[in-house]
Amino acid sequence: MTHFKQQQWEQFIHGQVDSVTERKMEIHLQNCEACLSAYEEEALLLSPSAEFTVEHEVMKIILSNSSETNPVVKKTSSRFWHKTATHFVISAAAAIMLASTGVFTAFIDHTPNGQGKVLNESPSLTSSLLEQTDRFFSQMDPSPKEELE
1 MTHFKQQQWE QFIHGQVDSV TERKMEIHLQ NCEACLSAYE EEALLLSPSA
51 EFTVEHEVMK IILSNSSETN PVVKKTSSRF WHKTATHFVI SAAAAIMLAS
101 TGVFTAFIDH TPNGQGKVLN ESPSLTSSLL EQTDRFFSQM DPSPKEELE
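Have a look at this one:
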């Protein structure tokens, strides 16, 4: 039985042999334990593991996508923040100008009846609830001072 050389096994692993030689090497591997173990060791050393290959391919895809999209995202995001900051500064300056001229005091002084007084047609919900709560507790305990004496 003739054994193949290490260089031939490397070519076999990388698929660089013709189909006739490949078939002979496959048959030889089925019959020779020593060559099979040598082939397996060589295959582990020469070819990267499946996990490494998958990780490497995924990282290439991620890096290629990120290198294509990052500059566009940076330009858009910096433009967006610049535009937002400009609007904010203009709005703040306008509000300060209007507040310093007294425009907002006209809104404060304006009342529904136009005479400077707010109409008190009905009590507010909060005040009516407070009055009802006060009456309720007054009925439960009419005079706490009487118990102390």
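Numbering (the UniProt record's numbering), first residue to last: 1 to 149.
For each residue, glycine too, the CB sits at the ideal point set by N, CA and C.
Let me confirm a value: residue i is counted as buried when at least 16 other C-beta atoms fall within 10 Å, else exposed. Which label applies?
i	result
W9	buried
Spatial neighbours of residue i within its chain, please: CB distance less than 8 Å, with the 5 preceding and 5 following residues excluded, ordered by chain position.
i	result
F4	F12, M25, H28 and C35
Can you tell me which of the options puts its alpha carbon nearest to the alpha carbon of residue i?
i	options	result
T2	H14, C32, F80 and I96	C32
By how many angstroms is the C-alpha of residue j removed from the C-alpha of residue i?
i	j	result
T97	E57	Per the sequence shown, the amino acid found at residue 97 is Met instead of Thr. Answer to the nearest angstrom: the Cα atoms are 59 Å apart.
G15	R23	12 Å
residue 157	S124	The chain is shown only over 1 to 149; residue 157 falls outside these bounds and no answer can be derived.
T133	Q139	10 Å
E41	K60	28 Å
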